[in-house]
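*Asks:* Residue numbers (the working numbering), protein chains in the order written: chain Z, 235 to 397; chain X, 4 to 122.
The C-beta atom is built at its ideal place from N, Cα and C for all residues, glycine as well.
Note that this is a predicted model, so its numbers are computed, not measured.
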């Protein structure tokens, strides 16, 4: 890993972390756990498209681990990690299919992320009661995913120089 | 799948939203008993028939305080940082309130008879 790549990754991780922590301060609009904008996914997706797959994974995992340390919510680490990894897998699968329609990838990622969180919750709580939330989470994933996806699409159009 | 236009993707996602909304609506319309089950750490602590509650009272489950009223149940307070369970308010017919940090679940079970009839 050369110096430029290291610096870019570190910088993007810092960006993602700042966005994550600021977002955590916004009071939840809908009182259902797991529903939020997921703005830090903008950084993950952008780095995936502009810099590379490996870098995106590094940034994603670092952001999740550091994010839960800084926001003081260690208990949510397992949920974020499970969601994040599934989101990354979805990114790898779908980016070849959707091509330049990044917003579609983003929506599919958001759906994968929330599915991962629900699966983690089912295992942690050892109860299927959390499945009640799944339809709500699916709706929110589509809306927030499209929103962040459109942002990423615009960044990628203008930010090719980042590489 | 590669040739799908933006329009087609929007239609796909909108139909998922419609299906989910319908599912939520159906959950809320389904008739059922109102037996609230409170569990902590996977152990059932209380089973309350909400329709037979005369006066409201509170139950303390770990760091959470559960408010039981006639026909409704809600989380009154919690010692977790996000307090999402408290903000969720009352539930009556179906659904559940989950406090992830404290592993407390309030769930409204449907009557077994009605369950059997549906099958």
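Chain X beta carbons: is any one of them nearer than 8 Å to that of residue 266 of chain Z?
*Replies:* yes
*Asks:* Along chain X, which residues have their Cβ under 9 Å away from the Cβ of residue 373 of chain Z?
*Replies:* Those are 19, 20, 23, 24, 27, listed as they occur along chain X.
*Asks:* Take residue 393 of chain Z and list the residues in its own chain whose beta-carbon comes closer than 8 Å to its own, dropping the five residues that flank it on each side.
*Replies:* 280, 284
*Asks:* Which residues, in order along the segment 253-277 of chain Z, keep a beta-carbon less than 8 Å from a beta-carbon of chain X?
*Replies:* 262, 265, 266, 267
*Asks:* Classify residue 260 of chain Z: buried if its beta carbon has 16 or more other beta carbons within 10 angstroms, exposed otherwise.
*Replies:* exposed
*Asks:* Tell me where the beta strand (DSSP E) around residue 51 of chain X begins and ends.
*Replies:* 46-52
*Asks:* Relative to the alpha-carbon of residue 10 of chain X, which residue among Z:379, Z:338, Z:353 has its alpha-carbon at the smallest distance?
*Replies:* When each option's Cα is compared against that of residue 10 of chain X, the closest is Z:338.
*Asks:* Distance, Cα to Cα, residue 255 of chain Z vs residue 373 of chain Z?
*Replies:* 24 Å
*Asks:* At a CB-CB cut-off below 7 Å, which residues of chain X make contact with residue 338 of chain Z?
*Replies:* 12
*Asks:* In the DSSP assignment, what residue or residues form a beta bridge with residue 125 of chain X?
*Replies:* Beyond the ends of chain X as shown, which are 4 and 122, falls residue 125 of chain X; an answer cannot be given.
*Asks:* Inspect the CB distances between the segment 240-247 of chain Z and the segment 53-61 of chain X and report whether three or more fall short of 8 Å.
*Replies:* no
*Asks:* If you follow the alpha helix (DSSP H) that residue 245 of chain Z is part of, which residue opens it and which one closes it?
*Replies:* 237-259
*Asks:* From the beta carbon of residue 391 of chain Z, is the nearest beta carbon of chain X less than 8 Å away?
*Replies:* no
*Asks:* Three or more C-beta pairs under 8 Å: does that hold for the segment 320-332 of chain Z against the segment 263-282 of chain Z?
*Replies:* yes
*Asks:* Cβ of residue 45 of chain X less than 8 Å from any chain Z Cβ?
*Replies:* yes
*Asks:* Could you give the C-beta distance for residue 309 of chain Z and residue 104 of chain X, rounded to a whole number, given that I count them as a contact under 8 Å?
*Replies:* 5 Å
*Asks:* What is the rounded straight-line gap between the Cα of residue 317 of chain Z and the Cα of residue 334 of chain Z?
*Replies:* Between residue 317 of chain Z and residue 334 of chain Z, the C-alpha separation is close to 24 Å.
*Asks:* Going by CA-CA distance only, name the one from Z:354, Z:369, Z:246, Z:237 that's closest to residue 175 of chain X.
*Replies:* Absent from the structure is residue 175 of chain X, since the part of chain X shown begins at 4 and ends at 122.
*Asks:* Would you grab the beta carbon distance between residue 108 of chain X and residue 94 of chain X for me? Rounded to a whole angstrom, and I think it's under 8 Å.
*Replies:* Rounded, the Cβ-Cβ distance is 12 Å, inconsistent with contact.
*Asks:* From the DSSP output, in three-state form, read off residue 64 of chain X for me.
*Replies:* strand
*Asks:* Just the C-alpha distance for residue 270 of chain Z and residue 86 of chain X, rounded to the nearest angstrom, thanks.
*Replies:* 15 Å
*Asks:* Quick check on DSSP: helix, strand or coil for residue 391 of chain Z?
*Replies:* helix
*Asks:* Consult DSSP for residue 42 of chain X and reduce its assignment to one of helix, strand or coil.
*Replies:* In this structure, residue 42 of chain X counts as strand in the three-state DSSP scheme.
*Asks:* Counting only C-beta atoms, is residue 236 of chain Z closer than 8 Å to chain X at any point?
*Replies:* no
*Asks:* Count the CB pairs spanning the segment 377-384 of chain Z and the segment 336-351 of chain Z that are closer than 8 Å, and state whether there are at least three.
*Replies:* Three or more Cβ pairs drawn from the segment 377-384 of chain Z and the segment 336-351 of chain Z lie within less than 8 Å of each other, which places the two stretches in contact.
*Asks:* Using a 10 Å radius around the Cβ and a threshold of 16 neighbouring Cβ atoms, would you call residue 41 of chain X buried or exposed?
*Replies:* Buried, because 16 or more other Cβ atoms sit within 10 Å of the Cβ of residue 41 of chain X.
*Asks:* Out of curiosity, what's the CA-to-CA distance linking residue 205 of chain Z and residue 348 of chain Z?
*Replies:* Shown here, chain Z extends from 235 to 397; a query on residue 205 of chain Z therefore has no answer.
*Asks:* Please confirm if residue 16 of chain X has its CB atom under 8 Å from at least one CB of chain Z.
*Replies:* yes
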